[in-house]
Structures are given as C-alpha cells and as structure tokens.
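Here is the structure we will look at, set down as structure tokens.
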Amino acid sequence: MINNLPDDLLVHILLHVPIKDAVSTMILSKRWRSIWTMLPALDYDDSDIDGKWIANAVYRKIRELIFILNWSAKPINLPNSLYTCDTLVSLVLSKKINVEIVTPACLPSLTRLWLLSVVFKDEDSLVGLLSSCPILRNLYVVRRNEDNVTNFNVKIYFLETLVYVNEYKEDFEDSNGSLVINSPTLKTAIICDYSGDSFLIENKCFLDKASIKVLNHLGDDIRIFISSLIRLDVLLNNPTVGCFTTINFSQLIERRIQPYEFDWLKPLMILVQNSPKLKVLLIDVMDQDDDFPISWHHPGSVPKCLLTNLEIFEWKEYGGKFEEKELVKYIFANSRCLKRAAISIRSKCILEGKEKTMVDELKSMPRISESHALMFETVIDWRDIYRKGFNAATW
C-alpha cells in the first residue's frame, strides 16, 4: 500500500502532481496532513484561490513559495499571515497579486524575493514589505504600469544583488518617479528602466558587476559607485554618455555596450581609453537603427588596454559600414594580446546577400596578434549577466 512507503518517496510522488492536488492529500489520513508540507517548494498557478492553502502552508512552516496568479479578474490580497512567516526563505509573487501590508510584516528568514508585475496597495506597502526582510540578499523586481508606486525605494542593508526592470515607457516630461537605492553591501545591480524615472544611489556601496540601461540622465553620484566595477553592461545613448565617458574604470575587465539611437564610435573609444585593464569588449548594435548616421575619428593615441590586455573582442549584428570597418581595422591593428575575435553579420545584410563579401573583407584586415582567431558567430551570451547576477543557483 502507498501508506507503507517512506516519507521521502511520497514527497517525490507529490512533486509530480499539481500543487492543489498535493495539498488536498492532507485529508487522507493523520500521516498525510504533514506530507505535503515537506515539499521543497510550492508553485501554484490557478484562478481557483481563496488563500486558505497559503495560510495552511505558513502554519506548516513552508520555506519556499512561488505564487503566480494568471487570470483576467482584479488582483487579490494574500493572507496577512504570509507576511509574518518566520520560516520563509524564498518568495516569488507574480502577476495578479495586490501587496497590501495592513499589520506590521516580519520575514526574518527571507533571503530571496521576486516581485513580478504585482500591484501594491500604496508605497507604504512596498516599504513595509522590504523593511520586513532584515537579511534579504537578492531582490528581483519587474514593474508593471500603474502599480501604485511612484518612488521605488530599495533600502535594504544586507542586499547583495538587485535586478530591477521597468520597461514601461512614459512621456519623459510627465515622469516624476524615481528609483532610489540605499544598500551599502550591494555588489551586483542590473537596472533596465525605460520609464524616464530618475535613478539615484544613496549611501556608500562599491559595485562589482552592473548592467545599466536607462533613458534618463545619470546623476554625478552614480559615477562614484560604478568606478570600481569589474564587469559593466551599458545602454549608450545621449542621456548616459556624459556619465560613462568621464569615469576612470581602473578595475574594469569586461564591458558590453549597446548603442541606442546614437553616434557611438567616438564615445566607445573614450570608454576603451578609460579602461586600462579591459580584457573583454563586446558590442551589440541590435537595437541601433541601421540608418542612424555614425562617424569615425582616429584616436590620438592607442588605448593602453589594446596594447597590453584586450583578449576577446565580439561584435553582434555588424553592418559593414565604412565607419564600422574602420573601428574593426583599428582593433585588429593595435590589439597585441587579442586571442579571439567573433563577429556576427547583421541579419539584414545576410538577407541582402552581402555576407560573403563582408566576411572576406574582415578576413583580409591586418592583425597584429599572431594568435588571433577570427570567427563569424558571437560566442558569449550576454544574457548570462542576468543569470549570473540572479539565477537558479542562488535559490
């Protein structure tokens, strides 16, 4: 009989059935009342929800909860007991959930929190939730339109990794929102904010890795906090270029740039000049309009990193314009330590039958590095910065 099986085998069986069915097994017998609570995670995605099972999970000392609610009805409130669960370590709230902190919240064990397209009752509920997590290490936020938060404040003392995505584009002149970070132990920040909101870092923190993609000007305070970066991924545009080109990145080893509606070649060379230890340079022009004019100016002096450090150069969606060719020629001619160059041809050029000519041109360019391998498919997947910053392994 199934009742004679050991607990770990029963838990393994429950992992392969819908969570609602797993929870319902608690009525089978006295022994079964606690079996489902041994599941390492509860992943619930259903419109038939009254909150009772969540309250039961809290009572049974659940450690990980993944709650995704997809339905067309209005967002629902979760039981207040969820926000006072002292055993919860990982919490994912997604979609049609209204975060409302009525009584003081307390999540003393929570180290990982995902807030994905949820709605907040008000800004006090956001503050109340984040302040209830004294040892939170990883925070992942995806904003939605009209989530009732104008000023998104992240004030978490022990936070190490922050991923913040707000891709809702507003009229910049009407945007009065902000993202304010006050986390002195922060090491990895991935910020993708196209809303036009202001971006501010308070308190002293020294980041190691960052991805910063914003369409608004960056304040002078940002320069202090990103100057110590080892790895940087940036959206290069008119609002941000003034910040990024005036910083001495003395520790930077890896850099990826994504031009966005911008004449970017000269600022790129300034960035390279200001990064003497740079080993990896990646260019991704996927979001750059092919018809946007660019210009090339030969640098007055060769950047130090090209002479002594650069080992990997990759270009995604290379278009073969005269100015682009001049940049590649310059990199090839001056990068003495280059070990690998990988260039993928722009999809439009391939469809127009230009690929072979472009590849032959690249192959014929002189290269100072004798060990330089040239490939025509990019190797590094830079989505990896998101996975390394906040991935399943951290769970």
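For the sequence shown, my numbering assigns the number 93 to the initial residue and increments by one for each residue that follows. Yeah, the Cβ is synthetic: ideal placement off N, Cα and C, and Gly gets one too. Every value quoted in this text rests on a predicted model; they were computed, and no experiment measured them.
- Beyond the five residues adjoining it in sequence on each side, K301 comes within less than 6 Å, by CB distance, of T280, R323 in the same chain, given in chain order.
- Beta-bridge partners of Q343 (DSSP): none assigned.
- Remark: C-beta atoms of K369 and N340 do not approach each other more closely than 8 Å.
- A residue is called buried when at least 16 other Cβ atoms come within 10 angstroms of its Cβ; K153 does not meet this threshold and is exposed.
- Between the alpha carbons of G269 and D214 lies a distance of about 14 Å.
- At a Cβ-Cβ threshold of 8 Å, S439 and C397 do not count as neighbours.
- Y232 sits buried, since 16 or more C-beta atoms from the chains shown fall within 10 Å of its C-beta.
- Per the Cβ contact rule, the stretch 296-313 is not in contact with the stretch 354-362 (fewer than 3 Cβ pairs under 8 Å).
- Taking the C-beta atoms as reference points, E416 is found nearer than 8 Å to Y410.
- When only Cα atoms are considered, P276 and K296 end up about 5 Å apart.
- Residue burial is scored here from C-beta neighbours: V210 has at least 16 other C-beta atoms within 10 angstroms and is therefore classed as buried.
- Every alpha helix (DSSP H) of 4 residues or more that sits fully in the stretch 333-401 is shown, in chain order, as 357-365, 396-400.
- The beta carbon of S320 sits closer than 6 Å to the beta carbons of F298, Q343 from its chain, once the five residues preceding and following it are set aside; these are given in chain order.
- Contact between the stretch 461-472 and the stretch 425-439 is present: three or more C-beta pairs spanning the two stretches fall below 8 Å.
- By the neighbour-count definition (other C-beta atoms within 10 Å, threshold 16), Y422 is a buried residue.
- Under a 10 Å Cβ-count criterion, F384 is classified as exposed, with fewer than 16 other Cβ atoms of the shown protein chains found around its own Cβ.
- Excluding the 5 residues flanking it on each side, P395 has same chain C-beta neighbours closer than 6 Å at V364, Q365, in chain order.
- Under the three-state reduction of DSSP, K413 is assigned to coil, being neither helix nor strand.
- Under the criterion of beta carbons closer than 8 Å, L180 and R155 qualify as touching, at roughly 6 Å.
- Considering only K408, W388, F354, the residue with the shortest C-alpha distance to I375 is K408.
- Secondary structure of E406 (DSSP, three-state): strand.
- The Cβ-Cβ distance between N230 and T253 falls below 8 Å.
- One thing to note: L205 has its Cβ no nearer than 8 Å to the Cβ of C177.
- When only Cα atoms are considered, M450 and M457 end up about 11 Å apart.
- Pairing L218 with V257, the inter-Cα distance amounts to about 16 Å.
- Annotated as distal: L183 and I146, with beta-carbon spacing of 8 Å or more.
- Beyond the five residues adjoining it in sequence on each side, Y260 comes within less than 6 Å, by CB distance, of N237, S287 in the same chain, given in chain order.
- For D452 and D355, the gap between their C-alpha atoms comes out near 26 Å.
- For K440, the enclosing alpha helix (DSSP H) starts and ends at 439-443.
- Counting along the chain, the unbroken alpha helix (DSSP H) around K455 starts and ends at 447-456.
- Annotated as distal: F250 and L271, with beta-carbon spacing of 8 Å or more.
- Per the DSSP secondary-structure output, S270 pairs in a beta bridge with N243, S290.
- A302 is bridged by DSSP to A281, L324.
- Judged by DSSP secondary structure, V150 falls within the alpha helix (DSSP H) whose first and last residues are 144-151.
- Looking at L208, L207, L222, the one whose alpha-carbon comes closest to that of P200 is L222.
- The alpha-carbon of Q380 is positioned some 11 Å away from that of I349.
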